[in-house]
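Read the structure below first, then the notes.
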Amino acid sequence: MSQTDLILLVVYLLSVAYVLYQAFQSLEEKTMITLVGKPEFDPEFLQDYVKLEFGFKDDQRFKFEEQPKQLEATIKNSARTATITIDWDKGSLTSFDGNDRRVIRFVDNLQSSDLSKAQVSTTIMPKGSVTVKLVPEKNFKPNAESGALEPSTPIVDVVGLREEVIANRRKRPKTEKDKAKFEKLETTYTNFMTMREPLKFSLRLPLQVTNIAEGSKKDYWGFVECFFTVSRAPLKEQIPWNPKKSKPK
Numbered sequence: 047m048s049q050t051d052l053i054l055l056v057v058y059l060l061s062v063a064y065v066l067y068q069a070f071q072s073l074e075e076k077t078m079i080t081l082v083g084k085p086e087f088d089p090e091f092l093q094d095y096v097k098l099e100f101g102f103k104d105d106q107r108f109k110f111e112e113q114p115k116q117l118e119a120t121i122k123n124s125a126r127t128a129t130i131t132i133d134w135d136k137g138s139l140t141s142f143d144g145n146d147r148r149v150i151r152f153v154d155n156l157q158s159s160d161l162s163k164a165q166v167s168t169t170i171m172p173k174g175s176v177t178v179k180l181v182p183e184k185n186f187k188p189n190a191e192s193g194a195l196e197p198s199t200p201i202v203d204v205v206g207l208r209e210e211v212i213a214n215r216r217k218r219p220k221t222e223k224d225k226a227k228f229e230k231l232e233t234t235y236t237n238f239m240t241m242r243e244p245l246k247f248s249l250r251l252p253l254q255v256t257n258i259a260e261g262s263k264k265d266y267w268g269f270v271e272c273f274f275t276v277s278r279a280p281l282k283e284q285i286p287w288n289p290k291k292s293k294p295k
């Protein structure tokens, strides 16, 4: 190989490397949301009456800046002789930071004054179902034109977490408590970005099951809790020559 050929080869390899680098840099950071295991019922026998499904799909991906602001849930009554009542007002959504926030069943034309009132419970008839959109209470913001409340912050705010961590790096903690808080957030964010540990959130809903069978009426009270993870999706998923394996038919 002549010196000219060697120079051309080096230039070619550098060009290919640059193109690949630019392509890699253009890949968008995304997350995937997963329901961990099955919903947990207390008492356990309530699972014979209630079934839950959520709007997240296994192959669905969300950009960091477009994380879901509401949790869509379908609650089914699988019983033939029982009604199920859901007390939204005592339900909660807990984020990765441990903050426990009242869950709001999001409806059209929701007003700020509605948040100070008790929410109306929902009763599901036998073999019936209801699909709802659930939002943490503090995540609403009034629409500039109509004044109606809209979800304004993601349930798990990945971008907000990143911005807070970056801001903390520029600060000097004033107290040991601040230092511990900064370090905890830094660890949480680092583990998420390196895919060592996902961010987590959970939903808890109180339930009342009223069963009428053979002329007798019985009431059961309990709750269902669902746990979710928000994981950083591998960038290699977006590479054309690394297609996802198709599921067997």
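For what it's worth, the working numbering labels the leading residue of the sequence shown as 47, then goes sequentially.
Where a beta carbon is used, it is the ideal one built from N, C-alpha and C, also for glycine.
Is Met78 helix, strand or coil when you go by DSSP? Here Met78 sits in strand by DSSP.
Residue range of the beta strand (DSSP E) that Asp104 falls in? Element bounds for Asp104: n/a, residue is neither H nor E.
Neighbourhood of Pro294 by C-beta, 8 Å cutoff - its chain only, sequence neighbours within 5 removed: Summary for Pro294: the model assigns pLDDT 47, below 50, so the residue's position carries little reliability; its value from the coordinates is reported in the next sentence. Excluding sequence neighbours, Pro294 sits near nothing in its chain.
Supposed contact pair Asn189 and Glu196 - C-beta distance, whole angstroms, cut 8 Å: 5 Å
Exposed unless 16 or more other CB atoms sit within 10 angstroms - verdict on Gln106: So Gln106 counts as exposed.
By alpha-carbon positions, which one of Glu210, Phe142, Tyr95 ends up nearest to Thr127? Of the listed residues, the one whose Cα sits closest to Thr127 is Tyr95.
Using only alpha-carbon positions, find the residue among Asn155, Leu207, Thr168, Thr80 that is nearest to Ser192. Its Cα nearest to that of Ser192, the residue Asn155 stands out among Asn155, Leu207, Thr168, Thr80.
DSSP-derived helix/strand/coil call for Phe142: Phe142 falls in the coil class under three-state DSSP.
Look at Ile201 and Leu92 and say whether their C-beta atoms are less than 8 Å apart. No.
Beta-carbon contacts of Pro89 that lie in its chain and below 6 Å, excluding the five residues immediately before and after: Gly268
Considering only DSSP beta bridges, list what Ser277 is partnered with. Met78
Cβ neighbour criterion (16 or more within 10 Å) applied to Pro114: Flag for Pro114 reads buried.
To which residues of the same chain is Val149 closer than 6 Å at the C-beta, ignoring the five residues directly before and after it? Correct list, in chain order: Gly137, Ser138, Leu139, Leu180.
Could you give the C-beta distance for Tyr235 and Val205, rounded to a whole number, given that I count them as a contact under 8 Å? Going by Cβ atoms, the distance from Tyr235 to Val205 rounds to 11 Å, so no, they are not a contact pair.
Contact defined as beta carbons within less than 8 Å: I believe Phe238 pairs with Ile79. What is the distance between those atoms, to the nearest angstrom? Not a contact, Cβ separation roughly 13 Å.
Name the residue from Leu81, Ser262, Thr120, Val166 whose alpha carbon lies nearest to the alpha carbon of Gly174. Here the closest residue by C-alpha is Thr120.
Have a look at Leu281, Val255, Leu207 and flag the residue whose alpha-carbon is nearest the alpha-carbon of Phe142. Leu207
Quick one: grab the DSSP three-state call for Val211. Three-state DSSP puts Val211 in a helix.
Output needed for Pro219: all residues of its chain with C-beta closer than 7 Å, excluding positions within five of it in sequence on either side, in chain order. Lys225, Phe228
Put Lys295 into one of helix, strand or coil per three-state DSSP. Only weak support exists for where Lys295 lies, its pLDDT of 46 falling under 50; the coordinates are left without a value.
DSSP three-state assignment for Phe152, whether helix, strand or coil: coil
Using the beta-carbon count (16 or more within 10 Å), is Arg216 buried or exposed? exposed
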